[in-house]
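Residue numbers (the numbering used here): 996 to 1755. Heads up, the beta-carbon is just placed ideally off N, CA and C, and yes, glycines get one too. Everything numeric in this text was worked out from a predicted model, so none of it was measured. See structure below.
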């Protein structure tokens, strides 16, 4: 029993077997990065009492980074990342060719000094810029395309040569292969860098100052294969067929298509525009311009899914009004144009200041978010991003038509939404305000203010229509809004009207909307072609007489001055901008109740008058299942006229002796009392405080602090009476019944108020 234990303890002191040898004097040798230590040999205990198992003392090393294998010392050290990339290995392990420890340590110190010097030299050089895989592929593909084009063109234009000349050329090419092999063996990638330089100029992809090992060897490999193709061509083979295997890994196109120039974003855009209308062409060009601003006019092959996500992240940061703050006007034709990045930075800095200001306020998080929603810079909407996504797909289609970008994959709307979600931070005040369009029917108070404005009652001059005066100018700015709000037509439809489109059917004056199929008169769809009777209010204002008295020099169009504003593209774009400014100057401008919402105002009025759905769709030019609007409206003009006259705006029209024609002298549609409610949100997003003012004089008529705990009702909080939600809702319903209660537009505040009103 004792001898078995003794043998086990002796086995503990036996040196392990392996590649590294161990001397019998108790010294252990291995890889270390520390100082050499020496330990005394372990003394075995008496036979009867063997030494207890104890932790072994630190082994002695022959020296820093030294190993001894089969009697010979080796130097082994892990290399830094840069040295590793240069040498192509993670470790440096070489034989020191000596069995003497002192000499091995001296040689190791010299090696360490050399490595340190090499690393310091590399640190002083710029770091290797990492190229993305798609950029590497585009560079190699373009360089290969350029060289193959030269080989194919050279074969087709080659003159007769002697065998000696051909053999001499082949020998030179074989020497080139040997040179490239030697460069690859030494990790010398200068030839590869030179070879990629022309491709970099063509693709706008800048290669790094030094190539990484894997990229450099791949490029040198392609260069060798290319020289082999050149040798085969010199030996009589066809350049196109011989280079097909070389082209296959980089393009699915044939060799003849491959050697054509790469498809740039601008090329794909121009090809795409050939397949779409002028309106779509304009939007595609806008997307293309933004894409070139972001990624330069690079090959479409570079627009991978990751690159597309980066592009849309860039777009999502653009202010909604980007491109409009150029400073140009009639007094300054040059202005101070800003780049897209400058506009983004200016908006970000402004928003940061606002966030810091609101973050310091002692109010609830919900109220802070509500304030931010009102003050932060609105960015482009998600709907606008979806339009750009659709246009990007059109650009890809154009690229494929040119024989390129066959492997491009457009991101989906879901992928776009997921990527935008990853850009959000955990900050509860991290809001992205967009102010998307949600057109609403005009309120009666806004209609009354509009109809009684200087535009219809009398302005100062043609260019000062918001200033009261004695001049009424009956042109496009006067008639078009009246036609939209009284007949429900689209603005583009009115701007295309000709003088001959005023017709008479069933003993009634009507406007013919695209019924003749003229090339210059386009409609949204087939159901938009229709006849709309002129309502009584327009007849009383003298619209028919005005059309009939237009002079011959007026031209064939009913509103030529509006059409002249656009120059090209949609007629409604330029006129819509002009009229939006006019509405703002008149004091009735609103992002939701805008010029285009006048059409919805009429349709809402017809709905309130219980006009049948089929009649409303026929007037609006909406699609109907079994009815063709062109025929329906031609035969039912009296019915449509009766329906349009039900939309009563309370206009008072009288003949003016000063002007010689009827004018609007009053409007009673907005005579009801108007109240405006405001809400302050609590910590849970509930209505914490509610105030109501009378818009006639601006005085506060109701203010309350809402307590959902009835035990506190009747007291006061911050000077406001504490009310239960039931009592507050009852008061709000009274104001709503007495007149018109204008509610907040901000979604959470509107939801909180409507939730409170539900208690009534």
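Here's the rule: buried if 16 or more other CB atoms are within 10 angstroms of the residue's CB, otherwise exposed. What is residue 1303?
Around the Cβ of residue 1303, a 10 Å sphere holds 16 or more other Cβ atoms; the residue is buried.
How would you call residue 1372, buried or exposed, if buried means at least 16 neighbouring beta carbons within 10 angstroms?
buried
Extent of the continuous alpha helix (DSSP H) run through residue 1735:
Element bounds for residue 1735: not the alpha helix (DSSP H) but the beta strand (DSSP E), 1735 to 1737.
Which of the three DSSP states is assigned to residue 1640 in this structure?
If DSSP states are grouped into helix, strand and coil, residue 1640 belongs with the helices.
Is DSSP giving residue 1730 helix, strand or coil here?
Residue 1730 sits in a helix when the DSSP states are folded into three classes.
Does the distance from the C-beta atom of residue 1219 to that of residue 1172 stay below 8 angstroms?
yes
Skipping 5 residues on each side, what residues in its chain have a beta carbon closer than 8 angstroms to that of residue 1648?
1532, 1535, 1536, 1657, 1658, 1659, 1660
Spell out the partners DSSP gives residue 1360 in its beta bridges.
Bridge partners of residue 1360: none, in fact.
Whole angstroms are fine: how far does the CA of residue 1724 sit from the CA of residue 1741?
19 angstroms
Could you check where the beta strand (DSSP E) with residue 1713 kicks off and where it finishes?
Unbroken run through residue 1713: none, as it is neither H nor E.
Which ranges would you report for the beta strand (DSSP E) in the segment 1522 to 1562 if only whole runs of at least 3 residues count?
Listed in chain order, they are 1525 to 1528.
Determine, using beta-carbon pairs with one atom in the segment 1463 to 1479 and one in the segment 1586 to 1604, whether at least three such pairs fall under 8 angstroms.
Taking 8 angstroms as the limit for Cβ pairs, the verdict is that the segment 1586 to 1604 does touch the segment 1463 to 1479.
Just checking, does the segment 1443 to 1457 make contact with the segment 1517 to 1529 on the three C-beta pairs under 8 angstroms criterion?
no
Run through DSSP, which three-state label would residue 1647 get?
strand
Could you check the C-alpha separation between residue 1633 and residue 1551 for me, to the nearest Å?
Spanning the two alpha carbons is a distance of roughly 28 angstroms.
Between 1669, 1674, 1074, which lies nearest to residue 1692 when the distance is taken from Cα to Cα?
1669
What's the gap between the Cα of residue 1254 and the Cα of residue 1263?
Roughly 17 angstroms between the two C-alpha positions.
Under 8 angstroms between the Cβ atoms of residue 1751 and residue 1720?
yes
Where does residue 1111 sit, in a helix, a strand or coil, going by DSSP?
helix
Suppose you measure from the CA of residue 1485 to the CA of residue 1619; what does that come to, to the nearest Å?
17 angstroms
Which of helix, strand or coil DSSP assigns to residue 1136:
In the structure shown, residue 1136 adopts helical secondary structure according to DSSP, grouped into three states.
Would you kindly report the start and end of the unbroken beta strand (DSSP E) that includes residue 1673?
1669 to 1676
Whose CA, out of 1149, 1456, 1606, 1212, lies closest to the CA of residue 1180?
1212
Can you name, in chain order, every residue of its own chain whose Cβ lies under 8 angstroms from the Cβ of residue 1185, other than the five neighbours on each side?
1178
Mind reading off the beta-carbon distance from residue 1424 to residue 1364? Whole number of angstroms is fine, and I expect it under 8 angstroms.
7 angstroms
Would you kindly work out how many angstroms separate the C-alpha atoms of residue 1685 and residue 1356, rounded to a whole number?
Here the C-alpha atom of residue 1685 lies approximately 19 angstroms from the C-alpha atom of residue 1356.
Three-state class that DSSP yields for residue 1451 in the structure shown:
Helix, per DSSP.
Report the option in 1411, 1523, 1427, 1396 whose CA atom is closest to the CA atom of residue 1382.
1411
Alpha-carbon spacing of residue 1473 relative to residue 1376, whole angstroms
32 angstroms
Are at least three pairs of beta-carbons, each pair with one atom in the segment 1386 to 1400 and one in the segment 1339 to 1354, less than 8 angstroms apart?
no
Evaluate residue 1654 with the Cβ neighbour count: other Cβ atoms within 10 Å of its Cβ, from every protein chain shown; 16 or more gives buried, anything less gives exposed.
exposed
Residue span of the beta strand (DSSP E) that contains residue 1698, given as start and end
1694 to 1701
What would DSSP say about residue 1256, mapped onto helix, strand or coil?
Coil.
Considering only C-alpha positions, which residue in the set 1541, 1520, 1421, 1414 is nearest to residue 1469?
Closest option to residue 1469, Cα to Cα, is 1541.
Which class does residue 1756 belong to by DSSP, given the choice of helix, strand or coil?
This structure gives no information on residue 1756, because the portion of the chain shown stretches from 996 to 1755.
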